[in-house]
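Engineer:
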Amino acid sequence: MVILDSIEKARLAVKAAQDKKASEPVILKIKDLTVVADYFVICSGESRTQVGAIVDYIEERLSKAGETPRSIEGANYKNWVLIDYGDVIVHVFESETRYYYDLEKLWLDAPIIKV
Numbered sequence: 072m073v074i075l076d077s078i079e080k081a082r083l084a085v086k087a088a089q090d091k092k093a094s095e096p097v098i099l100k101i102k103d104l105t106v107v108a109d110y111f112v113i114c115s116g117e118s119r120t121q122v123g124a125i126v127d128y129i130e131e132r133l134s135k136a137g138e139t140p141r142s143i144e145g146a147n148y149k150n151w152v153l154i155d156y157g158d159v160i161v162h163v164f165e166s167e168t169r170y171y172y173d174l175e176k177l178w179l180d181a182p183i184i185k186v
C-alpha cells in the first residue's frame, strides 16, 4: 500500500470532487498558519444531493488509497460536510452555504495551490 503525503491526498480529494462535478475546488495551504492541518480542500455542490454524492466519492477514492477519515461532520444535513483526514480537511458545501461562510476569505493568508 502506498502512503499518500498530504498534498497528494488533497489533490486526490479534488480529483474525486471534480469527477462528481463539484464547483470551484481549491486547495489552501494552511500548514504555515495553523497546527490544525496542512491543507484545506474546499468545493461545493449545487444541491444537497450533489454534496452527498461528492462526499461519498471522495471517501471512496481516498479509502481505495488506504486513507480513512478521522471524523465526518455534517453528513446528515449536507449543506456543509467536513471530512477530517488529519493533515487534510475537506469541506464540501452547498453553494449558498459556501458563500455565506467564505472560508477562502477567512484564510486569506493561505496560499492557493493550483488544482
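Taking the numbering used here, the leading residue of the sequence shown gets 72, the next gets one more, and so forth. Where a beta carbon is used, it is the ideal one built from N, C-alpha and C, also for glycine. As the structure is a computational prediction, the values presented were derived from the model and not from experiment.
#1: Using 8 angstroms as the threshold, is the C-beta distance between leucine 99 and tryptophan 151 below it?
#2: Leaving out the 5 sequence neighbours to the left and right, which residues in its chain are closer than 7 angstroms to tyrosine 128 when beta-carbon positions are compared?
#3: Rank Ser142, Phe111 and Asn147 by C-alpha distance to the C-alpha of alanine 124 and give the top, closest one.
#4: Alpha carbon to alpha carbon, what distance is there between valine 85 and tyrosine 110?
#5: Shortest alpha-carbon distance to valine 159 belongs to which of Ile143, Tyr171 and Asp173?
#6: Would a C-beta distance cut-off of 8 angstroms place glutamate 165 and arginine 119 closer than the cut-off?
Structural biologist: Reading it off the structure:
#1: Numbered from its first residue, the sequence shown carries residue 99 at position 28. Numbered from its first residue, the sequence shown carries residue 151 at position 80. Contact flag unset, no.
#2: Reading the sequence shown from its first residue, position 57 is the one you call residue 128. Excluding positions up to five away in sequence, the list reads Ala87, Asp90 and Lys91.
#3: If you number the sequence shown from 1, residue 124 lands on position 53. Cα-wise, what sits closest to alanine 124 is Asn147.
#4: Counting from one through the sequence shown, the residue named residue 110 turns up at place 39. Counting from one through the sequence shown, the residue named residue 85 turns up at place 14. Taking the straight line joining both Cα atoms gives about 12 angstroms.
#5: Counted from its first residue, the sequence shown places residue 159 at position 88. The candidate whose alpha carbon is nearest that of valine 159 is Ile143.
#6: The sequence position of residue 165 within the sequence shown is 94, counting from 1. The sequence position of residue 119 within the sequence shown is 48, counting from 1. Yes, Cβ-Cβ distance for glutamate 165 and arginine 119 is below 8 angstroms.
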